[in-house]
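Student:
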Amino acid sequence: MERQNNSTFYSVLDALFITHTLLFIGYSMSDPDIQLVLENSSIAAPSAHPHYAFIQDNISDDIESALAKSYNIQYLKYPEGDHDYANEAIIDLAESVEQFRVTNPI
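Take the sequence shown: its letters are residues 1 to 106, numbered as in the UniProt record's numbering.
1. Using alpha carbons as the reference points, say which of Q56, L67 and L76 lies closest to L23.
2. For Q35, tell me which candidate among D84, I91, F100 and D14 has the shortest Cα-Cα distance.
3. If you follow the alpha helix (DSSP H) that A66 is in, where does it begin and where does it stop?
4. With which residues is L76 paired in a DSSP beta bridge?
5. Work out the CA separation of V37 and M1 for me, nearest whole Å.
6. Identify whether I106 lies in helix, strand or coil by the three-state DSSP scheme.
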């Protein structure tokens, strides 16, 4: 029902999954909503853009491999429970992106 009530939002989200590289932060890859959007975008047009998921290092190799193959997702892992490390890594990433944008304006 949620998807029917917000179909425009999901259409935009589907388009982003196909045309851009996305970084998942704070989502479980077993979340049914994320799974549905990934599945829909994969069926509509497999993306040449890789996606990334910033997750704790506790995912099984089989699940990691299956999701990577099915949805073009690469994993950026941090030590399980070490959320301070995760926060620092996100801050470092944001600073690197800003630096890149300064030196490579569009």
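Beta carbons are placed, not taken as given, at the ideal position from N, Cα and C, and that holds for glycine.
Tutor: So, to answer that:
1. For the set Q56, L67 and L76, the Cα lying nearest the Cα of L23 is the one of L76.
2. The candidate whose alpha carbon is nearest that of Q35 is D14.
3. Counting along the chain, the alpha helix (DSSP H) containing A66 begins and ends at D61 to Y71.
4. Paired residue(s): F54.
5. Low confidence applies to M1: its pLDDT is 48, below 50, so where it sits in the model is not reliable enough to give any reading.
6. DSSP places I106 in coil when its eight states are reduced to three.
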